[in-house]
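Following this note's numbering, the numbering of the sequence shown begins with 6 at its first residue and continues without gaps. Encoded as structure tokens, the structure appears first; notes follow it.
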Amino acid sequence: MKKIAVLLGCVLMLCFTMSSFGKKEKVSISLVGKWKYFQEGKKNNKKESLIVYQHDDRCGKDYVEFFNDGKVNDVYYYGNENCDISVDTGTWERVDMNLIVSFPFAGEEKGEILVLDATTLKLMTTVGGVETVYVYKKM
């Protein structure tokens, strides 16, 4: 009787362990924080052609910052001797694997989140009928 109870316990533990392998847990990583521009390019016939984003080395890195309250800043440095800065402020919203960003003068843009982990944000959007890919790195 004791052997049957131990065997039954082992079988139940094995079944429980095996059933958890088939489940995909949805990991939700926050967009909140600063993300520097890293790469950009086009997607043609399912192939990406990306180039490294050119920052002005004399100034800071261009970046986008997402805030908890749904606001977003798009920050660019000008390559003059004063390193002037331009900040466009808008709003953002994440709906499943889509990012919707809206700026007053540019309107609303929707992008599909292709990669989102602790270090990388990769988006695809359509610009002028062309699939465009943007890659950001966490600052």
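Positions of the beta carbon are idealized from the N, C-alpha and C atoms, including for glycine.
Check: Taking the C-alpha atoms as reference points, what is the distance between Asp93 and Glu114?; Outcome: 14 Å
Check: Asp67 and Lys41 - do their beta-carbons sit closer together than 8 Å?; Outcome: yes
Check: Return helix, strand or coil for Glu98, following the three-state DSSP convention.; Outcome: strand
Check: In this structure, how does DSSP classify Gly27 when only helix, strand and coil are distinguished?; Outcome: Caution is warranted here: a pLDDT of 43 is assigned to Gly27, below 50, making its placement in the model unreliable, and the coordinate value is therefore given only provisionally. Gly27: coil per DSSP, three-state reduction.
Check: Can you look up Lys66 in the DSSP assignment and give me helix, strand or coil?; Outcome: coil
Check: Taking DSSP's pairing of strands, which residues face Glu113 in a bridge?; Outcome: Ser107
Check: Which value, in whole angstroms, describes the spacing of the CA atoms of Cys64 and Met144?; Outcome: 15 Å
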